[in-house]
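J.: Numbering (this note's numbering), first residue to last: -10 to 346. Think of the CB as a built atom: it goes at the ideal place given N, C-alpha and C, for glycine as much as any other residue.
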């Protein structure tokens, strides 16, 4: 049985003090069927756990939080759609779909999921990365800092494109409604008022022809443009989140290196001081122990950062570019097909009208 996952229902649940939306999720994972109920916040926690246990990986986006209107039907529909998108993207990433995070999400509790992430050590993450990812030294390497800078620059532009696409979608809906009203009501009524013997729009044949071409003449594909820009916007934000996480680790390496440097200075100063033999020996041993622990921490952080840099520069960035290009190509194909069919339908309808004049 092939693995799959989807949201099959979303209902507002009423409790004594709080109302919330419950999403029913159905799927198959590792050959086992499941049917579970989750709340929006469960998805938020799952994504946070993924970010913590897979640092530097581009985790698929989820819908943004809203302070008001969470139980509005439009919000529920929107969230259901994009939470499904999140789950389907996870399904396509084997190390996320088959990992312990999804296992606990499906079979366990959110508290268990948070506890697992909390107890995850740096060494465990390093070992997991070494087992999961392979890198090719001959592969093209992308500049991470340049990609981060570009991402920060592009996100506001994509947000503007989304707004423009949404406005175009509304304008097209208004235009379509006006066109239908013009052909089905205004022109037939106008002909009746003129008491024309030769009617063009008020006869049954014309209206039947219009009904046949109406679907193409009034279709609105700007919604696909809007959806595309929103998905790219959310995915860019998810990329930015992963890059911020990577930059945090870069800074942490610098901070921990500075701590190690200060401990070594402290040890040198202690060696130069004259103290009672027993006390000096104890203090030296204590600082040396701190230095050993700090060296281990720095080495692990540097090893993790090395793996994250390899992952982002050789896999995540090129994957993002490739997936975005594929989605954009599909969008252009769908939109261009729509424009061709739309104008063909309009032309055919009006050509038939001209023959009736």
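1. Determine the extent of the beta strand (DSSP E) in which residue -2 is found, giving its start and end residues.
2. If you draw a straight line from the alpha carbon of residue 55 to that of residue 107, how long is it in whole angstroms?
3. Curious, which full-length alpha helix (DSSP H) runs of at least 4 residues does the stretch 194 to 282 contain?
4. Determine the direct distance from the alpha carbon of residue 17 to that of residue -10, and round the result to whole angstroms.
5. So, helix, strand or coil for residue 301, using DSSP?
6. What residue from 320, 44, 300 and 306 has the CA that sits closest to residue 124's CA?
7. At 4 residues or longer, and completely inside the stretch 42 to 103: list those alpha helix (DSSP H) runs for me, N to C.
8. I need the DSSP call for residue 122, collapsed to helix, strand or coil.
9. With the cut-off set at 8 Å, would you say residue 238 and residue 297 are in Cβ contact?
10. From residue 6 to residue 61, what distance separates their C-alpha atoms?
11. Pick helix, strand or coil for residue 6, following the three-state DSSP scheme.
12. For residue 101 versus residue 95, is the C-beta distance shorter than 8 Å?
13. Figure out for me which residue from 209, 130 and 143 has the closest Cα to the Cα of residue 168.
14. So, using beta-carbon positions, are residue 213 and residue 324 closer together than 8 Å?
15. Pick from 118, 245 and 47: whose alpha carbon is nearest that of residue 81?
16. My understanding is that residue 196 touches residue 173, with C-beta atoms under 8 Å, so please give their C-beta distance in whole angstroms.
17. Determine the direct distance from the alpha carbon of residue 181 to that of residue 64, and round the result to whole angstroms.
18. Going by DSSP, which residues form a beta bridge with residue 375?
19. When you compare each of 283, 292 and 317 to residue 222 by their alpha carbons, which one comes out closest?
20. Does the distance from the C-beta atom of residue 85 to that of residue 122 stay below 8 Å?
21. Tell me which residues share the same chain as residue 133 and place their Cβ nearer than 8 Å to its Cβ, disregarding the 5 neighbours each side in the sequence.
22. Which residues in the same chain have their Cβ closer than 7 Å to the Cβ of residue 49, if we skip the five residues on either side of it in sequence?
23. State the Cα-Cα distance for the pair residue 352 and residue 67, rounded to the nearest angstrom.
24. Report yes if the CB atom of residue 24 is closer than 8 Å to the CB atom of residue 15, and no otherwise.
25. Cβ of residue 163 within 8 Å of Cβ of residue 114?
26. Hey, residue 268 and residue 259 are a contact pair by Cβ (cut 8 Å); roughly how many whole angstroms apart?
27. Would a C-beta distance cut-off of 8 Å place residue 229 and residue 140 closer than the cut-off?
28. Can you tell me which of 129, 203, 9 and 304 puts its alpha carbon nearest to the alpha carbon of residue 330?
29. List the endpoints of the continuous alpha helix (DSSP H) containing residue 332.
30. Which residues in the same chain have their Cβ closer than 6 Å to the Cβ of residue 120, if we skip the five residues on either side of it in sequence?
31. At the level of alpha carbons, what is the spacing between residue 118 and residue 90?
32. Evaluate residue 45 with the Cβ neighbour count: other Cβ atoms within 10 Å of its Cβ, from every protein chain shown; 16 or more gives buried, anything less gives exposed.
33. Suppose contacts are defined by Cβ-Cβ distances below 8 Å. Is residue 111 in contact with residue 293 by that definition?
T.: Result, derived from the coordinates:
1. From DSSP, the beta strand (DSSP E) with residue -2 extends over -7 to 3.
2. For residue 55 and residue 107, the gap between their C-alpha atoms comes out near 26 Å.
3. For the stretch 194 to 282, whole alpha helix (DSSP H) runs of length 4 or above, ordered along the chain, are 211 to 261.
4. Cα to Cα, the separation comes out at about 8 Å.
5. Looking at residue 301 - three-state DSSP - the assignment turns out to be helix.
6. For the residues 320, 44, 300 and 306, the minimum Cα distance to residue 124 belongs to 300.
7. Counting whole runs of 4 or more residues, the stretch 42 to 103 contains the alpha helix (DSSP H) stretches 62 to 80, 83 to 86 and 89 to 96.
8. Shown here, residue 122 sits in coil according to DSSP, grouped into three states, outside any helix or strand.
9. Cβ distance < 8 Å, so residue 238 and residue 297 count as in contact.
10. Residue 6 and residue 61: Cα-Cα distance of roughly 18 Å.
11. Residue state, collapsed to three classes: coil.
12. Annotated as distal: residue 101 and residue 95, with beta-carbon spacing of 8 Å or more.
13. Of the listed residues, the one whose Cα sits closest to residue 168 is 209.
14. With respect to residue 324, residue 213 sits close: the two C-beta atoms are nearer than 8 Å.
15. When each option's Cα is compared against that of residue 81, the closest is 47.
16. By a beta-carbon distance limit of 8 Å, residue 196 contacts residue 173. Their separation comes to about 7 Å.
17. About 45 Å.
18. No information on residue 375 is available, as it lies outside the stretch -10 to 346 that the chain covers here.
19. Nearest in C-alpha terms to residue 222, of all of 283, 292 and 317, is 317.
20. Going by C-beta atoms, residue 85 is not nearer than 8 Å to residue 122.
21. Counting only Cβ-Cβ distances below 8 Å, and skipping sequence neighbours, we find 232, 235, 298, 301, 302 and 306.
22. Counting only Cβ-Cβ distances below 7 Å, and skipping sequence neighbours, we find 75, 78, 79 and 227.
23. With the chain covering only -10 through 346, there is no way to say anything about residue 352.
24. Between residue 24 and residue 15, the C-beta gap is smaller than 8 Å, which places the two residues in contact.
25. Against a cut-off of 8 Å, the Cβ pair of residue 114 and residue 163 comes out as no contact.
26. About 10 Å separates the beta carbon of residue 268 from that of residue 259, a gap too long to meet the 8 Å contact definition.
27. The answer is yes: Cβ separation under 8 Å.
28. Nearest C-alpha to residue 330 among 129, 203, 9 and 304: 203.
29. For residue 332, the enclosing alpha helix (DSSP H) has its first and last residue at 306 to 345.
30. Closer than 6 Å at the Cβ level, and outside the excluded window around residue 120, lies no residue.
31. Whole-angstrom Cα-Cα distance: 15 Å.
32. Buried is the call here.
33. It is a contact, given that the beta carbons lie within the stated cut-off.
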